[in-house]
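Asker:
Numbering (mature numbering (1 follows the signal peptide of the UniProt record, and there is no 0)), first residue to last: -28 to -1, 1 to 397.
(1) If I'm right that residue 370 touches residue 343 with Cβ under 8 Å, what's the distance once you round it to whole angstroms?
(2) Could you give the DSSP three-state label for residue 95: helix, strand or coil?
(3) Within 8 Å, do at least three Cβ pairs link the segment 242 to 253 to the segment 273 to 288?
(4) From residue 222 to residue 238, what distance separates their C-alpha atoms?
(5) In the structure shown, what three-state DSSP assignment does residue 166 receive?
(6) Using 10 angstroms around the beta-carbon of residue 365, count the other beta-carbons present and answer buried if the total reaches 16, otherwise exposed.
(7) Buried or exposed for residue 375, going by 16 or more other Cβ atoms inside 10 Å?
(8) With a Cβ-Cβ cutoff of 8 Å, do residue 142 and residue 101 count as a contact?
(9) Alpha helix (DSSP H) containing residue 269: first to last residue?
(10) From which residue to which residue does the alpha helix (DSSP H) around residue 299 run?
(11) Express the C-alpha separation of residue 211 and residue 169 in angstroms, rounding to a whole number.
(12) Could you tell me the alpha carbon to alpha carbon distance between residue 72 and residue 63, rounded to whole angstroms?
(13) Under 8 Å between the Cβ atoms of residue 345 and residue 338?
(14) Please look up how many angstroms separate the CB atoms of residue 224 and residue 204, rounded, as I've assumed it's under 8 Å.
(15) Using the Cα positions of residue 323 and residue 378, report the straight-line distance between them to the nearest angstrom.
(16) Bridge partners of residue 258, per DSSP?
(17) Determine the DSSP secondary structure at residue 221, reduced to helix, strand or coil.
(18) In angstroms with no decimal places, state the Cα-to-Cα distance between residue 354 and residue 281.
(19) Looking only at its chain, what residues have a beta carbon closer than 7 Å to the beta carbon of residue 256, apart from the 5 residues adjacent to it on each side?
(20) Let me know the alpha helix (DSSP H) ranges lying completely inside the segment 290 to 372, each 4 residues or longer, listed in chain order.
(21) Buried or exposed: which applies to residue 317, given that a residue is buried once 16 or more other Cβ atoms fall within 10 Å of its Cβ?
(22) Starting from the N-terminal side, write out each stretch of the beta strand (DSSP E) that is 3 residues or longer and does not extend beyond the segment 5 to 50.
(23) Which term fits residue 321, buried or exposed, when burial requires 16 or more other beta carbons within 10 angstroms of its beta carbon?
(24) Which residues in the same chain have their Cβ closer than 6 Å to the Cβ of residue 298, if we skip the five residues on either side of it in sequence?
(25) Could you have a look at residue 100 and say whether DSSP puts it in helix, strand or coil?
(26) Determine, using beta-carbon pairs with one atom in the segment 120 to 138 and one in the segment 181 to 193, whether at least three such pairs fall under 8 Å.
(27) Pick helix, strand or coil for residue 82, following the three-state DSSP scheme.
(28) Checking 8 Å against the spacing of the C-beta atoms, do residue 391 and residue 172 come in under that value?
(29) Can you look up residue 278 in the DSSP assignment and give me helix, strand or coil?
(30) When burial is assigned at 16 or more other CB atoms within 10 Å of the CB, is residue 289 buried or exposed?
(31) I need the straight-line Cα distance from residue 2 to residue 264, nearest angstrom please.
(32) Since I believe residue 332 is in contact with residue 356 (beta carbons under 8 Å), could you give me their beta-carbon distance rounded to a whole number of angstroms?
(33) Starting from residue 108, trace the alpha helix (DSSP H) in both directions and tell me its first and last residue.
(34) According to DSSP, what are the bridge partners of residue 138?
(35) Taking the C-alpha atoms as reference points, what is the distance between residue 54 and residue 11?
(36) Specify, as a first and last residue, the run of the alpha helix (DSSP H) that residue 287 falls within.
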């Protein structure tokens, strides 16, 4: 039964791939795939015994070759141990790599894990990862910036290439149990950092974490090595092929030229927003407090521990957003109260507070010149953080619009302004 399921899944992937690449209505899609794989040891195909064999790129290329959909493939520029800064340097200095980028129409990248691993080492006796946690935030910010520059460089060399960025699985299933939750959180934070930076530049992020799970020993057979076996690489390749086949998500109610078209498309691509059954995202609909809680819970690094019950009368443990609301309340992002009002629209002043706390944004110490606030107003520090970082702006009548509702399009734009600001820092 397991083999049948895998076979039938592959048939489905093939069917959609054929549609994606061979539909006669789009002349560009009739091209065979010219595949360039860039990145680290996963792109190169390093095995659990430290040899080099078939990696996920080889299996994906082999599948396309077998279906007569592949024109060319190379992973010659993938290098075990490469960090994002090293890939960026190669892209800006190597004429051979630049020519390969210009030739390709499909490019995959797996890079970023070594940015963190360079700051760490495994103690095989104690089964712990020794890492300087104080360096992690700066390292992640640098990774995001490097990805932005990598993708911008590729776009300049070949604006027509489709770029897919492959995420990471949890690489430490043999580590001591007491350290696992923190390392699981770190892996997920790395993935989210890479995803946001990639999607913001128009690349497609390919998530593989859930394919491996929190205990991927069957794919990582060597306790002393973090690389997958052939089955693990095949799982990654299947996720990649499925991503190749996915059509671009577009909302029916976001017309071309909509003021937030880019940001809404990016949030749909990263699955922060989802279309309903009618294919709508409702850009003008007020975003609710529960919706924002769910989004932030998905974006922020949070432990997997069970939070204390915040005691909201209208958010029982059976509420679909309970975990997100409880964790964010525990973190101090939402204030404790008798009620949470999960279905109420999030106002602009509430949004200023929530995102300032969630993303550690600070103001410049001055009071913004808005008619509806003063230096003693409780939310002035949060509004200052929004104004000085150019995240939120006031209205033409000179007010901030404290109690105006935030709609989904506005939230999308604000979220990506924050991402751009953090990357720039």
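Using N, Cα and C, we set each Cβ at its ideal position, and we do this for glycine too.
Answerer: This is what the structure holds:
(1) Confirmed, about 5 Å.
(2) Residue 95: strand per DSSP, three-state reduction.
(3) no
(4) 10 Å
(5) Looking at residue 166 - three-state DSSP - the assignment turns out to be helix.
(6) exposed
(7) exposed
(8) no
(9) Here the alpha helix (DSSP H) through residue 269 covers 261 to 271.
(10) 294 to 302
(11) 20 Å
(12) 10 Å
(13) no
(14) In fact, because the Cβ distance is near 39 Å, the residues do not count as touching under 8 Å.
(15) Residue 323 and residue 378: Cα-Cα distance of roughly 8 Å.
(16) Answer is 379, bridged to residue 258.
(17) coil
(18) 26 Å
(19) 379, 381
(20) 294 to 302, 320 to 330, 352 to 360
(21) buried
(22) 5 to 11, 42 to 46
(23) buried
(24) 279, 282
(25) Here residue 100 sits in strand by DSSP.
(26) no
(27) strand
(28) Residue 391 places its beta carbon less than 8 Å from that of residue 172.
(29) coil
(30) exposed
(31) Because the pLDDT at residue 2 is just 46, under 50, the model does not fix this residue reliably, and the value given afterwards should be weighed accordingly. Computed Cα separation, rounded: 41 Å.
(32) Incorrect: roughly 14 Å between the Cβ atoms, too far for contact.
(33) In this chain, the alpha helix (DSSP H) harbouring residue 108 covers 108 to 129.
(34) 178
(35) Computed Cα separation, rounded: 7 Å.
(36) No alpha helix (DSSP H) contains residue 287, which DSSP labels as neither H nor E.
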